[in-house]
Structures are given as structure tokens and as C-alpha cells.
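Below is one structure, written out as C-alpha cells, with a few remarks after it.
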Amino acid sequence: MRRTGSAWAGAMEVTFPETALPLQIFEARYRVLFSTLLAGADGLEEGLISEDKPWVGTRRFGTTFVLEDGISSVGTLLEITRHRRLDDGRILISTKGRQRFKILKVVQQQPVIVCEVEYFAEEEVNSDAAASAAKDVVDLFKSMSELGGKLGTIRIPDELLLKLCTLSPASLSLWVASLFPAFPDQQQIVLQQEDAMVRLNMVRDLLSQVVKFYQAEWAVRSAFGAPEGRAGSRSGLVGPQWDVDEEDDALGGGDSSSDED
1 MRRTGSAWAG
11 AMEVTFPETA
21 LPLQIFEARY
31 RVLFSTLLAG
41 ADGLEEGLIS
51 EDKPWVGTRR
61 FGTTFVLEDG
71 ISSVGTLLEI
81 TRHRRLDDGR
91 ILISTKGRQR
101 FKILKVVQQQ
111 PVIVCEVEYF
121 AEEEVNSDAA
131 ASAAKDVVDL
141 FKSMSELGGK
151 LGTIRIPDEL
161 LLKLCTLSPA
171 SLSLWVASLF
181 PAFPDQQQIV
191 LQQEDAMVRL
201 NMVRDLLSQV
211 VKFYQAEWAV
221 RSAFGAPEGR
231 AGSRSGLVGP
241 QWDVDEEDDA
251 LGGGDSSSDE
261 D
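Laid out in C-alpha cells, this is it:
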């Protein structure tokens, strides 16, 4: 399905369907863009809404991972779920990924990029092979969580572990890949892959490598009688999330929660 005139914003991390991306909007052109996207909502700054834009009031925009030499050709349509405007004009945004797309043509470069895009047809897979691969992914993820907790390298919230069993094989591959923001190149490859079985095999291989690494590290620690570690750094797992009502956490989100060129 094609759609023309989709507004775009760059991101310093790969975004996926059904996952959250927090944004802190402060640059003038993006304040105009997001005020236009939020047209009709309360608390917006006067004079910033472009009523003639096709995305006025839609709350939806595209985002792709920003590379050194440009932007990725495949990204995710995001929907604004909550927002809050601060006294200094900044806007805190909570978003959720809705659908993957491929950029067909860049229609406009400035002040923000506008693209013609084609949305992916998200097809489910119901084969025995897909069910088996999905089970492997779930089991490996749980093993990674257990070993990472012992080593003190990661802490995975219980709600994430519970969600694993509620996802279809096709959705599971994308969701698991979204939890590795420290590996954006691998994430982008998974995002671009249309075949759900191929994606499942990709994340299964990634999880298998992490589990083997943790097993080796735990064996060394155990041999020297080292105690279990406290969960601290997440070692590249689980991207930043904050709520627009939690201002202190939001403003501490770093570059990943800022608007980008």
C-alpha cells in the first residue's frame, strides 16, 4: 500500500512496530512538525500549527535510523500516544510503533523530510517450523535473562518476560530485536527482512551467541568462587522508555530522546 506525503523524523536508534520511542522536541522545525501532528490537542503553542499539511492532526509520522551517509530506506510509522509541553517550549512525546515501511521517494528535504512510502504487508506464519523457532527464541531469551541476572550485566523486567508468550512468531522476531539498541546494524537488518522465518532465525542466532557468552563468563566466575553480581548496566538490552508525566526521567534520557536532523 502506498501513501504519499508522509512526514519523517530521523532517530538515533532503530524503531520497531509495537515498541515505544520517547522523544524530546526542542528544535524549531520539529516543534512546528509535532505541533501540526498534534493539532486539536490541548496545551499546544500558538502559531506553530501548519493547517495546510496533509498530516495535520494525524499524530502519525515516519522514522528511520540515521546512518553516517544518509538515512535507512526502511523505517517504522510511529503514533504519538501522549505528549506534554514544557514552559520553555519543549515537547515531551511518547510514541508507539505501528507499521514498517520502505521509502520509495524523497519528496521534500527541508524544513523536514517528506517521503512517498510503501507499507509492508505483515503476514503471519503458522508453520510447525515457525512455532519451533519461536519456542527456541523464547527459551533462549529466558536463559539469557537468568544468566544475565546472575552476572549482574542485565535486568529484564518481569513484564517483558511475560509478554514473550503472547506474541505471534512474526511479531516475536521484531519485538526481541527491538531490545538490543546497542546493535543498531543488526537491528536494521532484522527490520528490513520481510520473511518472518528468516527474522526468527536471525534473532535466535543472536540470542544463542549472547547465551553462550554468558555461559562462558559464568563458568569462569564459578571456577573462582565469585559471587552473583547485582543487575546493573543492561549491556545493550532494552531501549530507553519514560512517561511524559515523569519529567525528571524524561529530561535525563540523553541524545536518544532528542529530535534529530
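Here the sequence shown is numbered in the UniProt record's numbering, starting from 1 and rising by one per residue. C-beta atoms are modelled at their ideal positions from N, C-alpha and C, and glycine is treated no differently. Quick caveat, the model's predicted, so the values are computed rather than measured.
inquiry  = Report the CB separation of V210 from V190 in whole angstroms; it is logged as a contact under 8 Å.
reply    = Within the sequence shown, residue 210 is the residue found at index 210, counting from 1. Within the sequence shown, residue 190 is the residue found at index 190, counting from 1. Not quite, the Cβ-Cβ distance comes to about 15 Å (not below 8 Å), so this is no contact.
ask   = Considering only the beta carbon of each residue, do P181 and E13 sit closer than 7 Å?
value = Indexing the sequence shown from 1 puts residue 181 at position 181. Indexing the sequence shown from 1 puts residue 13 at position 13. In this structure, E13 lies closer than 7 Å to P181 by Cβ.
message = Judging by CA-CA distance, which residue of I25, Q193, P17, T19 is the nearest neighbour of D88?
response = Working through the sequence shown from its first residue, we reach residue 88 at position 88. With distances taken between Cα atoms, D88 lies closest to I25.
inquiry  = Check whether the stretch 161-181 and the stretch 116-134 are in contact - that is, three or more C-beta pairs closer than 8 Å.
reply    = yes
ask   = Does the separation of the CB atoms of F34 and I91 fall below 7 Å?
value = Counting from one through the sequence shown, the residue named residue 34 turns up at place 34. Counting from one through the sequence shown, the residue named residue 91 turns up at place 91. In contact: F34 and I91 (Cβ atoms closer than 7 Å).
key: DSSP-derived helix/strand/coil call for T81   = Locating residue 81 in the sequence shown gives position 81, where the first residue counts as 1. It is a strand residue.
query = Rounded to the nearest angstrom, how far is the Cβ of I71 from that of P22, given a contact under 8 Å?
reply = The residue labelled residue 71 in the question sits at position 71 within the sequence shown. The residue labelled residue 22 in the question sits at position 22 within the sequence shown. Wrong, their Cβ atoms sit about 20 Å apart, outside the cutoff.
ask   = G43 and G57: beta carbons closer than 7 Å?
value = Counted from its first residue, the sequence shown places residue 43 at position 43. Counted from its first residue, the sequence shown places residue 57 at position 57. It is not a contact, given that the beta carbons lie outside the stated cut-off.
request  = For K53, name the three-state secondary structure that DSSP assigns.
outcome  = To locate residue 53, count along the sequence shown from 1; it is residue 53. It is coil, neither helix nor strand.
query = Across which residues does DSSP place V74 in a beta bridge pair?
reply = Stepping through the sequence shown from its first residue, residue 74 is reached at position 74. Paired residues: K102.
ask   = Per DSSP, F61 forms a beta bridge with which residues?
value = Start at 1 with the first residue of the sequence shown, and residue 61 comes out as number 61. Answer by DSSP bridge pairing, in chain order: L78.
query = By the 10 Å Cβ neighbour count, where 16 or more other Cβ atoms means buried, how is P17 classified, buried or exposed?
reply = By one-based count along the sequence shown, residue 17 stands at place 17. With 16 or more other Cβ atoms within 10 Å, it is buried.
request  = Compare the C-alpha of S168 against each of T15, S143, V125 and name the closest.
outcome  = Counting from one through the sequence shown, the residue named residue 168 turns up at place 168. Comparing Cα positions, the closest option is V125.
key: Neighbour-count burial assignment, R82, 16 or more Cβ in a 10 Å radius   = One-based indexing of the sequence shown puts residue 82 at position 82. R82 is exposed by the Cβ-count criterion.
task = Can you have a look at S222 and say buried or exposed, based on whether 16 or more other CB atoms are within 10 angstroms of its CB?
result = Counting from one through the sequence shown, the residue named residue 222 turns up at place 222. When all chains shown are included, S222 counts as exposed.
query = Measuring CB to CB, does K105 end up less than 7 Å from E122?
reply = If you number the sequence shown from 1, residue 105 lands on position 105. If you number the sequence shown from 1, residue 122 lands on position 122. No. Outside cutoff.
task = Please classify A20: does DSSP put it in a helix, a strand, or coil?
result = The residue you call residue 20 lines up with position 20 of the sequence shown. Note: A20 maps to strand in three-state DSSP.
key: Beta-carbon proximity check, P111 vs R59, cutoff 7 Å   = Within the sequence shown, numbered from 1, the residue matching residue 111 stands at position 111. Within the sequence shown, numbered from 1, the residue matching residue 59 stands at position 59. No, the pair does not count as a contact, with Cβ atoms beyond the cut-off.
Selected residue, minimal CA-CA separation from I103, among C165, G149, F61 = Taking the first residue of the sequence shown as 1, we reach residue 103 at position 103. Out of C165, G149, F61, F61 has the C-alpha closest to the C-alpha of I103.
ask   = Between Q99 and the rest of its own chain, which residues show a CB-CB distance below 8 Å, the 5 nearest in sequence each way excluded?
value = Here the question's residue 99 lines up with position 99 in the sequence shown. These residues qualify, in order along the chain: P17, T76, L77, Y119, F120, E122.
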